[in-house]
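Taking it in order: structure first as structure tokens, then the write-up.
In our numbering, the protein residues as written are 209 to 311.
See below:
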């Protein structure tokens with residue numbers, strides 16, 4: 209799993225590349241938390257999932273945890289461009305009820 213980020217006009221874009229599952233979640237959580245800690249002055253965070261090839265319930269839990277952390281300080285979070293197999297997991301979990309999907 210590789211996580212990169214970019215800050216554009218007060219919006220934090222986080223890009224996932226690889227698989228987000230029980231084997232990669234701990235390291236991914238640490239990386240995400242560091243990125244978020246360093247960018248708490250943003251208006252929103254967009255999680256780009258266009259290169260996330262697989263995600264299981266552990267990945268959903270990780271995203272929900274980041275959502276709670278961000279929303280607790282008034283920062284909105286969104287999902288962007290999930291692949292069809294990841295989209296299915298997102299829909300089944302109801303994650304879009306918390307983190308809307310944007311185009």
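Note that CB positions come from ideal geometry on N, CA and C, so glycine has one too. Just so you know, these numbers come straight off a predicted model, no measurement behind them.
Item	Value
Coarse secondary structure for residue 281, derived from DSSP in three states	coil
Proximity winner among 231, 212, 308, relative to residue 380 (alpha-carbon distances)	Here the chain has residues from 209 to 311 only, and residue 380 is not among them.
Rounded distance between the beta-carbons of residue 262 and residue 288, thought under 8 Å	With 8 Å as the limit, residue 288 and residue 262 do not qualify as a contact, their Cβ atoms being about 17 Å apart.
Where residue 214 falls: helix, strand or coil (DSSP)	strand
Other residues of its chain near residue 210: CB distance less than 7 Å, five sequence neighbours each side excluded	225, 226
The beta strand (DSSP E) enclosing residue 253, as first and last residue numbers	252–263
Same chain, Cβ closer than 6 Å to residue 212, neighbours up to 5 away in sequence not counted	223
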